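In the numbering used here, the protein residues as written are 15 to 88.
Rendered as structure tokens:
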């Protein structure tokens, strides 16, 4: 579903700043910025036609499989 707005919660802004993730990286929603994997946690708000970004981070290679889609069993 396409949205008119992308809303960033304060938690997301803080984490993005700490992790050097730009808003342009987040607009990818899921995937890679160059070779850098980015995980974004977002909530849909179809009433307001927006996606709300909760947080964004670069997954640790030691905790995720090579596709960054599944956590490794610890």
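All residues carry an ideal CB built from backbone N, CA and C; glycine is no exception.
On a predicted model such as this, the values are computed, not experimentally measured, just so you know.
Which residues in the same chain as residue 30 place their Cβ atom closer than 6 Å to its Cβ, once the five residues preceding and following it in sequence are excluded?
70
Checking 8 Å against the spacing of the C-beta atoms, do residue 67 and residue 23 come in under that value?
yes
Are residue 52 and residue 45 touching if we call contact CB-CB under 8 Å?
yes
DSSP-derived helix/strand/coil call for residue 29:
helix
By the three-class DSSP mapping on this structure, what secondary structure does residue 40 have?
helix
On the criterion of 16 or more Cβ atoms from any shown chain inside 10 Å, does residue 58 qualify as buried, or is it exposed?
exposed
The beta strand (DSSP E) enclosing residue 17, as first and last residue numbers
From DSSP, residue 17 is part of no beta strand (DSSP E); its letter is neither H nor E.
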